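For what it's worth, numbering that gives the first Met the number 0 labels the leading residue of the sequence shown as 0, then goes sequentially.
Glycine is no exception: its CB is placed at the ideal position from the N, C-alpha and C atoms.
The structure presented is a predicted model; accordingly, all values stated were derived computationally and were not measured.
Structure record follows, encoded as structure tokens.
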Amino acid sequence: MASKIVDNRVNFASVKNPMPYPDYLDVQLKSFRDFLQLDTPPEERKNDGLYKVFAENFPITDTRNNFVLEFLDYYIDPPRYTIDECLERGLTYSVPLKAKMKLYCTDPDHEDFGTFIQDVFLGTIPYMTNNGTFIINGAERVVVSQLHRSPGVFFGQGVHANGTVLYSARIIPFKGSWIEFATDINNVMYAYIDRKKKLPVTTLLRAIGFETDKDILQIFDLAEEVKVNKKNIKEVLGRKLAARVLKSWNEDFVDEDTGEVVSIERNEVIMERETEITKENIDDILDSGASTILLHKDADAASKYSIIFNTLQKDPSNSEKEAVLYIYRQLRNADPADDASAREVIQNLFFSDKRYDLGTVGRYRINKKLGLDTDMDVRILTKEDIIEIIKYLIQLVNSNATVDDIDHLSNRRVRTVGEQLSNQFSIGLARMSRTIRERMNVRDNEVFTPTDLINAKTISSVINSFFGTNPLSQFMDQTNPLAEVTHKRRLSALGPGGLSRERAGFEVRDVHYTHYGRLCPIESPEGPNIGLISSLCVYAKINDLGFIETPYRKVKDGVVDLDNDHVVYLTAEEEEDHVIGQGNAPLNDDGTFIRDVVKCRQDADSPVVPPSEVDLMDVSPQQIASIAAGLIPFLEHDDAHRALMGSNMMRQAVPLLHNEAPIVGTGIERQVCVDSRTMITAEGDGVIEYVDATTIRILYDRTEEEEFVSFEPALKEYRIPKFRRTNQNMTIDLRPICDKGQRVKKGDILTEGYATENGELALGRNLLVAYIPWKGYNYEDAIVLNERVVREDVLTSVHVDEYSLDVRETKRGMEEFTSDIPNVSEEATKDLDDNGIIRVGARVEPGDILIGKISPKGESDPSPEEKLLRAIFGDKAGDVKDSSLKANPSLTGVVIDKKLFSRAVKTRASKQQDKVILAKIDEEYAAKIDDLKDILVDKLLTLTEDKTSMGIKDYTGAEIITKGSKFSIAQLKNLEYDGIQSNNWTDDEHTNMLIQKLIMNFIKKYKLLDAELKRRKFAITIGDELPSGILQMAKVYVAKKRKISVGDKLAGRHGNKGIVSKIVRQEDMPFLADGRPVDLVLNPLGVPSRMNLGQIFEAILGAAGKRLGVKFATPIFDGAKLDDLQEWTDKAGLPRLCSTRLYDGETGEPFDQPATVGITYFLKLGHMVEDKMHARSIGPYSLITQQPLGGKAQFGGQRFGEMEVWALEAFGASHVLQEILTIKSDDVVGRSKAYEAIVKGEPMPTPGIPESLNVLLHELRGLGLSITLD
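Structure representation (structure tokens):
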């Protein structure tokens, strides 16, 4: 197969004109952008996201409609702190949300009430960083998208215990009551409202306007109307009645409560439905006074719609009024006050905009399913919907239609970040509008402003609780760039409004044919969440309705359209019934198929068809898998279970000190590196002006127009992060890979480090691996490692731990950071500075003091006398206790950074001083803003020269600069630019576009200056912002260098994981004929039963690549074949399939059989033995049971459980057992005596009574039982 060079790799892909991958983080970034719509001027915003939420909740009026609060527009100010500051100080990266509100009074008597237009602060909202994350309380979090059941109508079936198939139709709205139509074993159709209230479907039809049997039967065209006279009735003898014959009359009676005479309609059933008309009952019909009767039409229709007749038989009501009363009683279990209120309840259930909303998606799905063309703006149920659903259900009963597949991706949609935030804002604004209404009602005679009505905390509290407690807002997995990207592209079926682990059956978790190209069939967690949490495929996108789309090339008359601009994105529903060709079907250059037949996919089938029958074709064989699965070379040769493990373990790979890109990759390593946004990339074309280890400065190329509309300099500076700690305590330590004077293009990667090398993802190292058993040390997946790997830091990683300590004010006085700690030697405090914080560069051992702190001690609060004495003579040294932070038992490392944050403590003098400084700052910034405005006015005058105004309006629509007038300096200087419409200033389209950009850039710069001013003022008056109650916070960062050691977990990319069992001297390792010792020895028995042959292919191609100095890309399902491997091993002069003679390092003798030796990419996983090793002699005990705590975090002991007791009993080791259950556990007296005996060298005392026995006795006494021990 021909291979080509792409990105410095030999690429084996056969796909012609490969399609570029969409931005991997678009799922998050686009959703948040669409939610806020900040790049769109207010007048052009779509009714979507936050704007839509405001539009739904406003205007708000009081109960008498005297006051109206209208929403005009919203905007945000820049964040107060940078992302780095928020991470350091434990703050939330958020922006202030403000809304322009208009309040006016409609009551003519209230003359002194004018119209108020005000900017109202609505609280701060967390803002998404450029990486698609949120920073909440100093931790990076990701909001995972949720896969849930789409709103709309679903037809399903179930089987009754007696074998009858029952059908149901369920209408699921975005908000509002659920309604379900279902058949029962007697062939009657019922409607269920909110899954509990059951009523015949005909009763519902009567209540919504189909009052009589005639109306109902005519919907389905089932009855023939016959006028009542003797002649007509004689003609229809022998036919059956389709509806009751009723005798109606009005009856007057006196209402006992009011004394009024009330008229009531009475109905008497003369003849029941299904009664055959005979000569005997002609007179009854004539006497009833009915003007017409309804008869069944032909037998065929009647049998098909027999369910309707059966339901009418069960229907207790005869008119609309009776039906409404019946439904009201069913819903409320009480009688209504009057007919109108009963009707209103039913109206509100499904036909009210306020209470019921199908959403755009729900309406789209119902129209699609039932073949309706109802307008997309009609988001409530219509009568037509209900009738069509009943008709479809009847077709189901008659086996003329099919039920829906609930796991089909047309019935499941994705709730992205933006939608989840919209829902939270909806809740917050609904609460806020309630309080606004209440405040309006209370203040009806006063003059008040919008600010008086609005409480900003309402929205903030809802949003903060969402980010803090919602299971879909997750602490970001930041082990390496791949883990980050994968977490942001994850889809979860769990969470509020989703499934729960316990209730999710096999079908929901299983791979469905519509997952192809949308959800990855491989990447999913092992364990209880399997199938419920999945990843988006590489090419998948989420459309505006929330359905997942995947791209296809069009095929017409057997010719594939290879133009990437003509690729179509289809949802699962649009793809139905299409014949879709495989992505690696061989093609000629003109797009025709080489072979006579093409392997295809059609729904769940895999037909083989001639090219002329193919409709569409996959854009790439990789489109079936997610990013992690797409990084596994030779995935096609691996068993699915092992591929799942491989893709999951790559996310646990620890960034190493020296990372190395794989020799055998798949070609998407560069894309992951760029899209993860962990590296610094060029934002445009330009030249590097300056570069060192901490800074890169780029002078970007700008056109004359871009220069003109911008207020920022063209030179941009980037800070390179050094030893930054991630959520998982890994290290982000980047190095520049560009030179001064170098030209860069947009998207070029300028740094490496943090599991990347030279712009490619580099999770591990290429190691020389031999598949051979070695002295039993690689039994059961254990790995034998060459000492060279340890010595040369091949698999060494650096981890950074953050330790922090707060100073608070306690009841007994202030705590304090200090190096002067009572009863601590000078030796122990030698590395502490005056603030008690350890110096940068100090080596830390277990038990060392990291931050020195003293707290006032005292069992009780001091008395007034004590307080006085203390105030006079100062604190006594003995009144403080050591509450320092010490290094835990497994911590050894070096201090790389320390920080101290303090709130400003103000005296009267310093406050006076501050006033002077603040006045100066205000002046300084006023001058800056004036200069900025002058620049804007000059630029606007340049643009509007020789042009007349088209009428410039403010946000209310009032004209500020009249139409036809010239632009003057005075006019432009007096404009409030953040409150005017920036479009259509002149009659020239291009000028208008430049003016709009110019004004938007000015507002951005103006807000940045404003934020900077507020920030500086805040720093002077309040100091560092810290969480409430904390006066000072110290942080210490300790770096730990972790070499690979016995017990650490290593893994390849094919699910081939193992634990290092022995580190062998280099000279004792098996070696090759040229004397090179291997790095790793793996057990060959780990391959055949696991069926992950990809590792063998990788080892062979890797060996060739290493020998020739070449890197390969072998994309999944389209990679190198066995012939290609053969070709490259021949080029490299290696034996066929790298089957090599190995020699024993200890004896120098050759092994009996040749073994496969090659280069495999190995990762060091986050499960390191140093984090897991734990031992305890003495430590903390549980308060009640007095037993040692459990777990490493609590410095706990090993539990000697029930089964372990049996083991000792079986051996008759009674004394050992007694000792374990008493002295070593919860015999409080016994353990202190034992300690004493050990210290003094005396014989061990006899064990006493365990504390848990006392606990049991006390519990029994608590039940009122008198228990004593004799």
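Could you name the residues that DSSP lists as bridge partners for residue i?
i, result
"M1243", "DSSP lists no partner for M1243."
"P1278", "This structure leaves residue 1278 out entirely; the chain is present only between 0 and 1269."
"K919", "In the DSSP output, where bridge partners are listed per residue, K919 has none listed."
"F180", "A168, A190"
"L68", "I59, L102"
"C599", "G580"
"I850", "I836, L884"
Are there 16 or more other CB atoms within 10 angstroms of the CB of residue i, so buried, or fewer, so exposed?
i, result
"R807", "exposed"
"Q912", "exposed"
"W1205", "exposed"
"G1200", "exposed"
"A339", "exposed"
"V158", "exposed"
"L1081", "buried"
"Q1197", "exposed"
"D1047", "buried"
"Y802", "buried"
"D352", "exposed"
"Q1193", "exposed"
"P863", "exposed"
"N309", "buried"
Comparing C-alpha positions only, which one of the options sits nearest to residue i?
i, options, result
"M1167", "V797, P821, L1264, R1140", "V797"
"S491", "L899, L146, A455", "L146"
"V461", "R430, K313, R438", "R430"
"L28", "F133, T123, E84, D562", "F133"
"P41", "M999, S625, N726", "M999"
"L102", "N130, N65, N1091", "N65"
"E1203", "Q1217, A1192, G1190", "Q1217"
"L1252", "G1263, T1184, K1239", "T1184"
"G1270", "I386, G358, L357", "Shown here, the chain extends from 0 to 1269; a query on residue 1270 therefore has no answer."
"E756", "R724, Y355, T677, E1148", "T677"
"E659", "V9, S709, L794, P1114", "L794"
Does the beta carbon of residue i fall short of 8 Å from some heavy atom of the ligand ADP?
i, result
"A241", "In the structure on display, the ligand ADP does not appear, and there are no ligands present to speak of."
When the distance is taken between beta carbons, is residue j closer than 9 Å to residue i?
i, j, result
"N317", "L216", "no"
"F1017", "R79", "yes"
"L760", "V671", "yes"
"G545", "R414", "yes"
"A781", "K1042", "no"
"Y1180", "D1225", "yes"
"V839", "L890", "no"
"G1022", "R902", "yes"
"G892", "V1037", "yes"
"S149", "S30", "no"
"S1138", "A1112", "no"
"H1308", "G1093", "Here the chain comprises residues numbered 0 to 1269, so residue 1308 is not present and cannot be evaluated."
"L37", "I458", "no"
Could you spell out where the beta strand (DSSP E) holding residue i opens and where it closes?
i, result
"L1264", "Run containing L1264: none; DSSP gives neither H nor E here."
"E801", "796-809"
"V686", "685-690"
"D881", "879-881"
"A138", "138-142"
Since residue i is in the alpha helix (DSSP H), which residue starts that stretch and which ends it?
i, result
"A1050", "Note, A1050: premise wrong, no alpha helix (DSSP H); beta strand (DSSP E) at 1048-1050."
"K905", "It is not in any alpha helix (DSSP H) - K905 carries neither H nor E in the DSSP assignment."
"K897", "No alpha helix (DSSP H) contains K897, which is instead part of the beta strand (DSSP E) from 892-901."
"T468", "456-468"
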